[in-house]
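Novice:
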Amino acid sequence: MKPLLEKARRNRFLKPMEPVFDALEAAVFGSDATTAGGPHCVDGLDIKRYMTVVIAGLTPAVLAAVWAFGVRSLAMIVVSYLFGGLVEVGFAMARKKHIHEGFLVTGLIFPLTLPPTVPLWVVAVGVVVGTLFGKEMFGGTGRNIFNPALVGRLFVTIAFPSIMSTAWQIPGSDAITTATPLGMYKTSQAVTALTDLLVGRATGSMGEVFRVGLIAGGLFVIWTRVSEWRIPLSYLGSVAILSAAGHRFAPARVAPPLFQLFAGGLMLGAFFMATDPVTSPFTKAGKWVFGTMCGLLTVLIRGFSGYVEGVMFSIVIMNGLAPLIDHIVLKATFRPRPRAKAGAPAPAPAHCGSCACGRDGGRGGER
Amino acid sequence: MNLRRLLGKERYKTLLKGVWTEHPISSMCLGICSALAVSNKVENAIAMGAGVTFVLIATAVMVSSLRKMIPARGRMITYMVTIASFVIVVDKFLKAYFPVISETMGPYVGLIITNCILMGRAEAFYARNPLGLSLVDAVANGIAYSYTLTGIAVVREVLGFGTLLGMRVMPAGWENWVVLSLAPGAFFLLGLFLWITRTLAGVEPPREG
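Protein chains in written order, with this note's numbering: chain P, 1 to 367; chain L, 368 to 576.
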């Protein structure tokens with residue numbers, strides 16, 4: 001196959017298709033490219049590894065979706081990959097760049113956030129809008145401000161309100177109902193049993209119903225250090241604390257904490273979307289702020305807005321603020337040193353504290 | 368090429384600039400507010416485009432023929448009064464002959480006064496160029512504004528309402544794209560429009576210094 005690829009690559013007419021060949025070759029043969037400058041890691045650690053781990057972490061949720069909602073959910077995933085992939089390949093060809101593996105996760109997460117009954121064309125519209133406006137417009141993988149899957153989801157939510165919020169399939173059957181656990185709380189303060197929520201017997205979006213699998217997959221991704229623990233912990237923690245406080249003072253609006261944690265898309269969002277390394281802050285303190293604010297917004301939107309679920313909105317809002325959070329954290333961490341007074345001896349440089357260099361940071365104005 | 372010979376080189380260049388390379392919306396980002404607000408239905412877009420074109424032409428005639436008499440210090444006020452008078456004419460005309468359109472467009476007809484294209488062109492072009500050239504520029508900018516608004520409105524009306532100029536074009540089972548009938552949907556389309564036209568016309572984004 002390799003000679004065939006080489007031959008196709010040299011063909012003049014197939015020149016625009018080069019990214020496709022690159023992707024094929026990388027997928028089949030792997031990459032033997034090494035970094036030119038330091039640091040050198042003796043490891044094939046690249047985007048592909050990251051994405052593969054995330055997809056592995058999502059596998060239980062996908063299998064549960066297929067079990068609960070039938071082959072239709074597979075068709076939704078295929079449509080999502082197909083149309084999103086077309087946009088991705090089109091842009092890679094136009095920009096003469098490599099096809100990024102980042103799309104493999106977007107194309108999988110997006111259908112998982114949808115209600116299981118949506119028509120396939122909505123899946124196609126959403127994934128195209130998400131990839132185009134959420135990612136390619138900003139320059140492709142790694143440059144996007146917002147999570148592409150959530151941009152797509154947001155678009156279809158606003159564009160097709162009747163499709164997106166009225167018909168929910170009960171897992172494991174063909175019955176359709178109009179209520180989700182969060183919606184039932186909003187209308188009648190009914191709390192769904194935790195066991196139903198955990199094992200996927202309650203209604204919800206395709207990928208969010210089987211929460212045991214989501215938590216296990218999320219912990220697996222954290223264990224492999226592909227995503228890290230600060231954002232999920234602070235997100236879930238702040239939802240728990242704030243909803244406990246809110247439920248005490250306004251029980252008619254704010255649901256109790258355990259129910260809030262396991263209802264809706266919180267587990268999927270906290271483990272797989274808020275942790276997106278591109279759209280979340282990269283400083284550690286920033287991650288705490290990010291997660292906590294996500295939790296605050298989620299509880300507020302769930303309790304006090306017209307919408308039933310707030311995970312998507314809160315993550316997208318915080319995505320927009322992530323660069324600002326990083327900026328503030330960096331400014332607070334790396335303050336310029338106080339000027340030495342003229343004539344007085346310069347103060348002894350303090351240990352820099354924030355880095356692990358183990359020496360005092362007396363290296364002049366380097367920072 | 369006929370048009371070029373007909374207009375003469377300089378006028379042709381002005382026309383081309385206004386309609387394409389220095390497009391008021393895509394290249395200068397003027398008149399964005401009304402482009403977002405009034406482009407939900409094609410008939411509104413056409414009315415708005417015609418109104419703005421009329422006011423542009425009238426302002427061009429007034430300002431460029433009076434340009435030597437307008438004192439430099441009071442020029443903004445002069446433009447404002449000129450523009451406002453013609454906007455009132457448009458508003459009354461629409462109210463008299465197209466009351467339905469006037470009703471749906473609501474305050475946006477009056478808000479043509481604040482449309483940055485008018486003030487921008489008056490200050491940048493009509494105040495320092497002769498009548499003929501200013502007239503060409505006014506027509507070019509009016510055309511550019513109108514075709515942009517109408518183009519966006521066609522997409523928005525077809526997808527957002529399933530109609531075109533009020534006539535049903537989409538099949539019975541069509542699900543309206545609600546977002547496109549709201550202002551946020553116009554942002555998506557206007558963004559796409561800017562992206563495509565700027566790429567085609569080779570407009571460079573301003574570099575940060």
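Note that the Cβ used here is the ideal one computed from N, Cα and C, for glycine as well.
Find out if the Cβ-Cβ distance for the pair V430 (chain L), A489 (chain L) is shorter than 8 Å.
Specialist: yes
Novice: Using a beta-carbon distance below 8 Å, is A159 (chain P) in contact with chain L?
Specialist: yes
Novice: State the CB to CB distance for the pair M312 (chain P) and L182 (chain P), rounded to an integer number of angstroms; the pair is presumed to be in contact (CB under 8 Å).
Specialist: Not really, about 12 Å apart at Cβ, beyond 8 Å.
Novice: Please report the distance separating the alpha-carbon of G320 (chain P) from that of V278 (chain P).
Specialist: 11 Å
Novice: With a cut-off of 8 Å on the beta carbons, I'd call I315 (chain P) and L150 (chain P) a contact; round off their distance for me.
Specialist: 6 Å
Novice: What does a CB cutoff of less than 7 Å around L433 (chain L) pick up in its chain, not counting 5 residues either side in sequence?
Specialist: none
Novice: Check for me: the alpha helix (DSSP H) holding H100 (chain P) runs from which residue to which?
Specialist: Per DSSP, H100 (chain P) belongs to no alpha helix (DSSP H) and is neither H nor E.
Novice: Closest to I455 (chain L) by CA distance: which of L:F421, L:A505, L:A439, L:V428 is it?
Specialist: L:F421
Novice: If you count every other CB in all the chains shown that lies within 10 Å of the CB of V467 (chain L), and 16 or more means buried, which is it?
Specialist: When all chains shown are included, V467 (chain L) counts as exposed.
Novice: I want to verify the contact list: residues of chain P whose CB lies under 8 Å from the CB of V546 (chain L), in sequence order.
Specialist: Residues of chain P passing the Cβ test: F155, I158, A159.
Novice: Can you list, in chain order, the residues of the segment 539-571 of chain L whose Cβ is nearer than 9 Å to any Cβ on chain P?
Specialist: E542, N543, W544, V545, V546, L547, L549, P551, G552, F555, G558, L559, W562
Novice: Under 7 Å Cβ-Cβ, which residues of chain L neighbour I47 (chain P)?
Specialist: For I47 (chain P), no chain L residue has a C-beta closer than 7 Å to its own C-beta; the minimum C-beta separation is roughly 26 Å.
Novice: May I ask you to list, following chain order, the residues of the segment 131-146 of chain P that have a beta carbon less than 9 Å from some beta carbon of chain L?
Specialist: Only L132, F133, M137 from the segment 131-146 of chain P bring a Cβ to less than 9 Å from some Cβ of chain L.
Novice: Quick check: M51 (chain P) and E101 (chain P), are their CB atoms within less than 8 Å of each other?
Specialist: yes
Novice: Please determine whether the Cβ atom of H98 (chain P) lies at a distance below 7 Å from any heavy atom of the ligand COA.
Specialist: As far as ligands go, the structure on display features none, and thus does not contain the ligand COA.
Novice: Please report whether the beta-carbon of I163 (chain P) lies at a distance below 8 Å from any beta-carbon of chain L.
Specialist: yes
Novice: Three or more C-beta pairs closer than 8 Å, one from the segment 489-505 of chain L and one from the segment 370-383 of chain L: is that the case here?
Specialist: yes
Novice: Does I145 (chain P) come out as helix, strand or coil in the three-state DSSP assignment?
Specialist: coil
Novice: By a C-beta neighbour count over all protein chains shown, 10 Å radius and 16 as the cutoff for buried, is P161 (chain P) buried or exposed?
Specialist: exposed
Novice: According to DSSP, Q169 (chain P) sits in a beta bridge with which residue or residues?
Specialist: In the DSSP output, where bridge partners are listed per residue, Q169 (chain P) has P:I176.
Novice: Which class does R302 (chain P) belong to by DSSP, given the choice of helix, strand or coil?
Specialist: helix
Novice: Considering P60 (chain P), what are the terminal residues of the alpha helix (DSSP H) in which it resides?
Specialist: 47-69
Novice: Within the chosen definition, does the segment 242-252 of chain P reach the segment 117-125 of chain P through at least 3 CB pairs nearer than 8 Å?
Specialist: The answer is no - the segment 117-125 of chain P does not touch the segment 242-252 of chain P, with fewer than three Cβ pairs under 8 Å.
Novice: Buried or exposed, going by whether 16 or more other CB atoms sit within 10 Å of the CB of H247 (chain P)?
Specialist: Taking all protein chains in view, the Cβ of H247 (chain P) is crowded by 16 or more other Cβ atoms within 10 Å, so the residue is classified as buried.
Novice: According to DSSP, is R9 (chain P) helix, strand or coil?
Specialist: helix
Novice: Could you pull the DSSP bridge partners for R153 (chain P) from this structure?
Specialist: Beta-bridge pairing links R153 (chain P) to no other residue.
Novice: With DSSP as the reference, please indicate the residues paired to R535 (chain L) in a beta bridge.
Specialist: L:T530
Novice: Who are the near neighbours of T178 (chain P) in its chain, counting only those whose CB is closer than 6 Å to its CB and skipping five residues on each side?
Specialist: T166
Novice: What's the gap between the Cα of A427 (chain L) and the Cα of G533 (chain L)?
Specialist: 34 Å
Novice: Using CA coordinates, which residue listed in P:A270, P:A263, P:V123 is at the minimum distance from K287 (chain P)?
Specialist: P:A270
Novice: At which residues does the alpha helix (DSSP H) containing T187 (chain P) begin and terminate?
Specialist: Segment 181-188, the alpha helix (DSSP H) holding T187 (chain P).
Novice: How do the segment 504-520 of chain L and the segment 399-418 of chain L stand: do at least 3 beta-carbon pairs fall below 8 Å, yes or no?
Specialist: yes
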